[in-house]
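Trainee:
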Ligand SMILES: Cc1ncc(COP(=O)(O)O)c(C=O)c1O
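In the working numbering, the protein residues as written are 54 to 495.
#1: Cα-Cα, which of 328, 173, 65 and 348 is closest to residue 337?
#2: Following the continuous beta strand (DSSP E) through residue 230, name the residue where it begins and the one where it ends.
#3: Looking at residue 213: is its Cβ nearer than 8 Å to the Cβ of residue 228?
#4: Consider the C-beta atom of residue 202 and the heavy atoms of ligand 1; say whether any pair is separated by less than 7 Å.
#5: Determine which residues share a DSSP beta bridge with residue 100 and list them.
#6: With respect to 7 Å, is the separation between the Cβ of residue 276 and the closest non-hydrogen atom of ligand 1 below this value?
#7: How close, in whole Å, do the beta carbons of residue 449 and residue 467 come, if the pair is a contact with beta carbons under 8 Å?
#8: Do residue 468 and ligand 1 come close, with the Cβ less than 7 Å from some heavy atom?
#9: Would you check if there are 3 or more beta carbon pairs closer than 8 Å linking the segment 148-159 to the segment 318-337?
#10: Under the criterion of a Cβ to heavy atom distance below 7 Å, does residue 337 qualify as lining ligand 1?
#11: Can you give me the start and stop residues for the beta strand (DSSP E) that residue 193 sits inside?
#12: Excluding sequence positions up to five away, which residues of its chain have a Cβ less than 6 Å from the Cβ of residue 333?
#13: At what residue ranges does the segment 126-200 contain a whole run of the beta strand (DSSP E), taking only runs of 3 or more?
#14: Sort out for me which residues DSSP pairs residue 432 with in a bridge.
#15: Could you tell me the distance, in whole angstroms, from the CA atom of residue 363 to the CA atom of residue 345?
#16: Is it buried or exposed, residue 68, if we count other Cβ atoms within 10 angstroms and call 16 or more buried?
#17: So if DSSP puts residue 335 in a beta bridge, which residue, or which two residues, is it bridged to?
#18: On the three-state DSSP scale, how would you describe residue 245?
#19: Looking at ligand 1, does it come within less than 7 Å of residue 173, judged from the CB to the closest heavy atom?
#20: Could you tell me whether the segment 254-265 touches the segment 430-444, using the rule of 3 or more Cβ pairs below 8 Å?
#21: With a floor of 4 residues, list each alpha helix (DSSP H) that falls wholly inside the segment 439-465, ordered by position along the chain.
#22: From residue 396 to residue 114, what does the alpha carbon distance come to, in whole angstroms?
#23: Count Cβ pairs between the segment 409-423 and the segment 368-375 that sit closer than 8 Å; are there 3 or more?
#24: Residue 168: beta carbon under 7 Å from a heavy atom of ligand 1?
#25: DSSP three-state call for residue 273: helix, strand or coil?
#26: Would you check if the segment 176-194 and the segment 240-254 touch, i.e. whether three or more CB-CB distances between them fall below 8 Å?
#27: Verify the contact flag: residue 262, CB atom, against every heavy atom of ligand 1, threshold strictly below 7 Å.
#28: So residue 112 and residue 473 are in contact, right, with Cβ under 8 Å, and what is the actual spacing, rounded?
#29: Do three or more CB pairs link the segment 164-173 to the segment 371-385 at distances below 8 Å?
#30: Below 7 Å, is the gap between the Cβ of residue 350 and the nearest heavy atom of ligand 1?
#31: Is it right to say residue 221 is buried, meaning 16 or more other beta carbons lie within 10 angstroms of its own, or is it exposed?
#32: Applying the criterion that 16 or more other CB atoms from any shown protein chain within 10 Å of the CB defines a buried residue, is residue 427 buried or exposed?
#33: At a cut-off of 7 Å, would you count residue 312 as near ligand 1, judging by its Cβ distance to the nearest heavy atom?
#34: Are there 16 or more other CB atoms within 10 angstroms of the CB of residue 201, so buried, or fewer, so exposed?
#35: Count Cβ pairs between the segment 125-144 and the segment 292-308 that sit closer than 8 Å; are there 3 or more?
#36: Helix or strand or just coil, what does DSSP make of residue 88?
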């Protein structure tokens, strides 16, 4: 197979694309064939500037030879090792390297293969942790409206995206409550960085505790910055308030950092950026620079030790055939090495002022009803065409792609999250293209 050759209509039929309107896509496909640095190329050779780091994951840019070499060497040295009852050096090395950049107090690592698996793993650990400590009544889980935590049954249950839950509504896990989301455009539209209004929404957790009693509640899981439902930045003081209420009632706080991890906010993790001490962090994506599937749960000594006090034997009946896969570990170690050498975990901080100015310069263009930003993240919200939510943003997405910039569209929100190696001139190109396209959009 020639990986860069154009595809015919019949080539497209067998593959069922995820989270994609397949019939529409197959009638007008967008195909990527090659990538290097900040760019993709189509099979016809058209260059596309990547303004979303693939899918919030290629933080060090595409085609990094350090990762390619580490993966190739690992495949030749040890291609696979069973993760149950066996270990291999890269797994321990990556866990140790992760702990070094993890939010303070998180010093153990459980490996998975994706963000969804990290979420389900963290939820299972939370339930098992309380049980191991003799508080087995703590079984309720609390998520948030507009939360996205992947597509496992645990993740869609604590998640708050209606279409992700609708079809499986009868099979969602029981005992889940949702905090209200924090999106308040009436008061916070065009906020720069954290919005001012909404910390009080954390107090809804007190209401849920009062309803069920803390003795029945295991954990709260939230994204520090929600990405998939349109870039929702936490209001000032909100995360701190959630932490305080969790502490008061012995509830674990899980921060889902699948998109915010590995430098997106200007710190290695959003927990560090916002000064929050979570009990667990779920991550994936940037862990391997997106090039080999891998996820992880970072957790506190307190949680780990609670399991190590029990009777001899397997402490947690959980794991995957590919947990800590040697190839993924090699990719992860190489990616973390690049992040450290090139200062990428904090580079977003230096670029954030230019990013913010460019983003807010779009204010005033027709249909733009909100611009929100943090680190190297942007959410740009458009007014909907009546009865056609998402149609306008999808037009913008298609036109940007035609003009050589890959953006992301979710409903009526355009989300940007470029590789952290982005240069100032490329930031200009992204926003110039977006501005031109918005000006032409009806
Ligand atoms: C916050 C969050 N959690 C979980 C996931 C699921 O990750 P994956 O698609 O790797 O399963 C995502 C994916 O975008 C995410 O943004």
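Backbone N, C-alpha and C fix where the C-beta goes; we use that ideal spot for every residue, glycine too.
Mentor: To lay it out plainly:
#1: Position 284 of the chain shown holds residue 337. The residue with the shortest Cα to Cα distance from residue 337 is 348.
#2: To locate residue 230, count along the chain shown from 1; it is residue 177. Membership of residue 230 in the beta strand (DSSP E) is indicated by the continuous run 229-232.
#3: Locating residue 213 in the chain shown gives position 160, where the first residue counts as 1. Locating residue 228 in the chain shown gives position 175, where the first residue counts as 1. Against a cut-off of 8 Å, the Cβ pair of residue 228 and residue 213 comes out as no contact.
#4: Position 149 of the chain shown, counting from 1, holds the residue named residue 202. Remark: the C-beta of residue 202 is in contact range of ligand 1, defined as less than 7 Å to any heavy atom.
#5: Residue numbering aside, residue 100 sits at position 47 when the chain shown is read from its first letter. Answer by DSSP bridge pairing, in chain order: 94.
#6: The residue you call residue 276 lines up with position 223 of the chain shown. At least one heavy atom of ligand 1 is nearer than 7 Å to the Cβ of residue 276, so yes.
#7: In the chain shown, counting from the first residue as 1, residue 449 sits at position 396. In the chain shown, counting from the first residue as 1, residue 467 sits at position 414. With a Cβ gap of about 6 Å, residue 449 and residue 467 count as contacting.
#8: Your numbering for residue 468 matches position 415 in the chain shown. It does not: the Cβ of residue 468 is nowhere closer than 7 Å to a heavy atom of ligand 1.
#9: The segment 148-159 is in contact with the segment 318-337.
#10: Here residue 337 is taken as the residue at index 284 of the chain shown, counted from 1. At a cut-off of 7 Å, the beta-carbon of residue 337 counts as near ligand 1: some heavy atom of the ligand is closer than that.
#11: Your numbering for residue 193 matches position 140 in the chain shown. For residue 193, the enclosing beta strand (DSSP E) covers residues 193-197.
#12: Along the chain shown, read from residue 1 onward, the residue named residue 333 stands at position 280. Here the set comprises 175, 307, 350 and 352.
#13: Runs found: 159-165 and 193-197.
#14: Sequence index remark: in the chain shown, residue 432 carries index 379 (1-based). 425 and 468.
#15: Numbered from its first residue, the chain shown carries residue 363 at position 310. Numbered from its first residue, the chain shown carries residue 345 at position 292. Distance between the alpha carbons of residue 363 and residue 345 is about 35 Å.
#16: Within the chain shown, the letter at position 15 stands for residue 68. Counting Cβ neighbours within 10 Å, residue 68 comes out exposed, since fewer than 16 surround it.
#17: Stepping through the chain shown from its first residue, residue 335 is reached at position 282. DSSP, once it has assigned bridges, lists 309 and 350 as partnering residue 335.
#18: One-based indexing of the chain shown puts residue 245 at position 192. Reduced to three states, the DSSP call for residue 245 is strand.
#19: One-based indexing of the chain shown puts residue 173 at position 120. No heavy atom of ligand 1 is found nearer than 7 Å to the CB of residue 173.
#20: For the pair of segments examined, the segment 254-265 was found not to touch the segment 430-444: the number of CB pairs separated by less than 8 Å stays below three.
#21: Taking only runs of at least 4 residues, the alpha helix (DSSP H) segments lying wholly in the segment 439-465 are 444-455.
#22: In the chain shown, counting from the first residue as 1, residue 396 sits at position 343. In the chain shown, counting from the first residue as 1, residue 114 sits at position 61. Distance between the alpha carbons of residue 396 and residue 114 is about 13 Å.
#23: The answer is no - the segment 368-375 does not touch the segment 409-423, with fewer than three Cβ pairs under 8 Å.
#24: By 1-based counting over the chain shown, the position of residue 168 is 115. Taking 7 Å as the cut-off, the C-beta of residue 168 counts as close to a heavy atom of ligand 1.
#25: Counted from its first residue, the chain shown places residue 273 at position 220. The three-state reading of DSSP puts residue 273 in strand, counting E and B together.
#26: Of all C-beta pairs linking the segment 240-254 to the segment 176-194, fewer than three are shorter than 8 Å, placing the two stretches out of contact.
#27: Position 209 of the chain shown holds residue 262. In terms of side-chain proximity, the C-beta atom of residue 262 is found no nearer than 7 Å to any non-hydrogen atom of ligand 1.
#28: On the chain shown, residue 112 is found 59 positions in, with the first residue counted as 1. On the chain shown, residue 473 is found 420 positions in, with the first residue counted as 1. Residue 112 to residue 473, Cβ: 5 Å. Contact.
#29: Between the segment 164-173 and the segment 371-385, the count of C-beta pairs closer than 8 Å reaches three or more; the two stretches touch.
#30: Residue 350 sits at position 297 when you count from the first residue of the chain shown. Residue 350 Cβ: outside cutoff for every heavy atom of ligand 1.
#31: Here residue 221 refers to the residue found at position 168 of the chain shown. Here residue 221 is exposed. Its C-beta has fewer than 16 other C-beta atoms within 10 Å.
#32: Taking the chain shown and counting its residues from 1, one reaches residue 427 at position 374. The residue in question, residue 427, is buried, as its Cβ has 16 or more Cβ neighbours within 10 Å.
#33: Within the chain shown, numbered from 1, the residue matching residue 312 stands at position 259. Here the distance from the Cβ of residue 312 to the nearest heavy atom of ligand 1 is below 7 Å.
#34: Numbered from its first residue, the chain shown carries residue 201 at position 148. A residue is called buried once 16 or more other Cβ atoms fall within 10 Å of its Cβ, and residue 201 is buried on that count.
#35: The segment 125-144 is not in contact with the segment 292-308.
#36: In the chain shown, the residue the question calls residue 88 occupies position 35. DSSP places residue 88 in the strand class (E or B) of the three-state scheme.
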